[in-house]
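Protein chains in written order, with this note's numbering: chain A, 462 to 815; chain B, 462 to 815.
First the structure, in the form of structure tokens, and then the observations on it.
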């Protein structure tokens, strides 16, 4: 049994997203006021698999959910990037558009689809309103933002968003998007090609996580969960080791932290697997899994229909013990999002939606 | 037997560095034209151990080299930051000042000290001249630059420097310095405290390494060696795994690469150990050591006299096999820098200076 934590639905002529632009922003969008900076990096072969499509919920259910026995699929739409819209109000309007589209075009089409609430993170008060507006929809399971951002996500600027997430019981998810649109996508400068940009994406995730943990987000919002989607996973080992080591020497500089940084991570942070690192010797990855407590922290994802899709039947390293496989493929995400075991195979003793 | 790959010597009233300002830059320095931006992050307790000093070569030899039986100690002076000097010419003049000071004040004082050539990386032609000017000194073993930079170090802007390093047989070393002085020290924004900044330093190293490998520096300069000092080591595992995985799908976008990215790393890149990650379970770090081929890539360092000094008798994880310990503590650096086993314990079969 599988939960896929990263599926990308696209609008199509049959299911246009523009239909859901809030009326007061129609003219602004018609005038091109929905512009946002791009990263300047694109896969020259296109971002989607040539044999796969994700514009029709029924077809995607057949091609992905049915084919791989996926019980739930978490949708991450392009609206995760609306925070970069130059016009702050239009950006917030676009967030509403994406969420209404997600509900009508996708969530209503199949109960296995779960939604991610798009917000304009650069309008935190409005973002919090949007989370409260659509967050009670039974298939909306989290809020999602892109990796590129005005501030590191541990910055207090974002607190109204975390407050709303906590109140609605929804995790705050970060997915790659537009890294390099504001400043360079590395701490130094701009890579000159796509593969370099792509290899550097985990830097953004490391930076956001360090910020969230060390600026005390999980002390201020003790029920907040953070999901790091498509950012890689193996970097978590060195990141928690370095935070814990430095904390021992410098804890008086962060008096708001009451526990080791790694403890906040294990309790509050989950990572989706795709694109999973693939060392030559899979035991190396299994050792990292052990170090990062993959039995609690990792949630499987395919990234369908993108070029670097991970096949559920082959994604995990050779030698993954069966109990760990179950945790990663289903149970961790079921606990994170409060999802019941599907009724056909339901066991009354297992997780139920809270 | 030990080689310490990161010792920080400081000027003092007895050994002032200003004495070595090239005459044509004295007036400029007097007028304050040696200004450079700072990172805005400082350890509130100071960067140096309160019980240690590194201003007197004889005393440091007693306190560090003699005490721990260190056969060679590689000096990394503050001049590694001169690339950030606003006046490019003054920056290049300061590089000469630091190198002449290193030779007279430290290398002449004890043959166990080895020097790092400071350069103004933002004046690549002049930097190459400086490498050729002092690079033949028998105790000068590498060129060093700071992590903060105008460009990622794989950028062709720096090729004249790599050409000079290759010609002189000197590795190109990168050491943390002033991260955040130009743009923010993360891909996103500025951390609000020192511990967060310090935990993010490995991001800069990951970015530079990805750039060097994927932009083809090691194909263009097949004899170039790169040393990553004080940037942590455990992040190397996920970085090579991700580069190798992406290379398999995207190799046609980087046709200048003829081998897996990890192969360039194992042949061309060395990392100094301090500050070594310290997981709760040392087996996790030993598994990472295996993945990153620590028996070839890691070189021990103390970072004396800085606050996070690693003690040679305790730095390596519990359970490090003796042959691996020897590789990390002495042999890898001896091969990298071409250093003979000291004569008192010399074995004619072992490495000799090339």
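Virtual Cβ for every residue (Gly too), placed ideally from N, Cα, C.
Using a Cβ cut-off of 9 Å, which residues of the region 572 to 604 of chain A contact any Cβ in chain B, in chain order? none
Among residues of its own chain, excluding the 5 on either side of residue 589 (chain A), which ones have a beta-carbon nearer than 7 Å to its beta-carbon? 621, 622, 624 and 625
Answer yes or no: does any C-beta atom of chain B fall closer than 8 Å to that of residue 698 (chain A)? yes
Straight-line CA distance for residue 656 (chain B) to residue 722 (chain A)? 12 Å
Can you tell which of B:612, B:513, B:706 and B:715 has the C-alpha that lies nearest to the C-alpha of residue 666 (chain B)? B:612
Starting from residue 673 (chain B), trace the alpha helix (DSSP H) in both directions and tell me its first and last residue. 662 to 675
Using a threshold of 8 Å, state whether the C-beta atoms of residue 537 (chain B) and residue 605 (chain B) are closer than that. yes
Within chain A, partners of residue 659 (chain B) - CB distance below 9 Å: 703, 707 and 711
When you compare only the Cα positions, how much space is there between residue 481 (chain A) and residue 533 (chain A)? 25 Å
When we look at the beta-carbon of residue 664 (chain B) and count the other beta-carbons within 10 Å, is it buried (16 or more) or exposed? buried
With a cut-off of 8 Å, do at least 3 Cβ pairs link the region 579 to 594 of chain A to the region 488 to 498 of chain A? no
Classify residue 626 (chain B) as helix, strand or coil using the three-state DSSP reduction. helix
Looking only at DSSP bridge pairs, what is residue 465 (chain A) linked to? A:534
Pick out whichever of B:695, B:780 and B:470 has its Cα sitting closest to the Cα of residue 514 (chain B). B:470
Around the Cβ of residue 549 (chain A), are there at least 16 other Cβ atoms within 10 angstroms (buried) or fewer (exposed)? exposed
Selected residue, minimal CA-CA separation from residue 500 (chain A), among A:630, A:647 and A:710: A:647
Are three or more beta carbon pairs between the region 739 to 758 of chain A and the region 671 to 681 of chain A nearer than 8 Å? no
Would you mind sorting residue 559 (chain B) into buried or exposed? The rule is 16 or more other CB atoms within 10 Å of its CB. buried
Residue 426 (chain A) versus chain B: which residues are under 9 Å apart at the beta carbon? There is simply no residue 426 (chain A) to check, as chain A begins at 462 and stops at 815 in what is shown.
In three-state DSSP terms, what is residue 570 (chain B)? coil
In this structure, does DSSP put residue 731 (chain A) in helix, strand or coil? strand
Determine the contact status of residue 634 (chain B) and residue 688 (chain B), defining contact as a CB-CB distance below 8 Å. yes
Burial state of residue 503 (chain A), where buried means 16 or more other Cβ atoms lie within 10 Å: exposed
What does residue 453 (chain A) reach in chain B if we use C-beta pairs closer than 7 Å? Given a span of 462 to 815 for chain A in the structure shown, any question on residue 453 (chain A) remains unanswerable.
So, does the CB of residue 523 (chain A) fall closer than 8 Å to a CB anywhere in chain B? no
I'd like to know if residue 505 (chain B) contacts chain A, where contact means its C-beta is closer than 8 Å to some C-beta of that chain. yes
What separation, rounded to the nearest whole angstrom, lies between the Cα atoms of residue 732 (chain A) and residue 788 (chain A)? 13 Å
Return helix, strand or coil for residue 498 (chain A), following the three-state DSSP convention. coil
Does any CB atom of chain C fall closer than 8 Å to the CB of residue 499 (chain A)? Going by chain labels, chain C is absent from the structure shown, which instead holds the protein chains A and B.
For a test of the three-state rule: what should DSSP assign to residue 577 (chain A), helix, strand or coil? strand
Span separating the alpha-carbon of residue 803 (chain B) from that of residue 641 (chain B): 41 Å
Residues of the region 752 to 775 of chain A with Cβ closer than 8 Å to any Cβ of chain B, in chain order: 752, 768 and 769
Residue 736 (chain B): contacting residues in chain A (beta-carbon distance under 9 Å): 703, 706 and 707
Roughly how many whole angstroms lie between the Cα atoms of residue 468 (chain A) and residue 566 (chain A)? 14 Å
Residues of chain B with CB under 7 Å from residue 665 (chain A), in chain order? 648 and 649
Answer with buried or exposed for residue 784 (chain A), where buried requires no fewer than 16 other C-beta atoms within 10 angstroms of its C-beta. exposed
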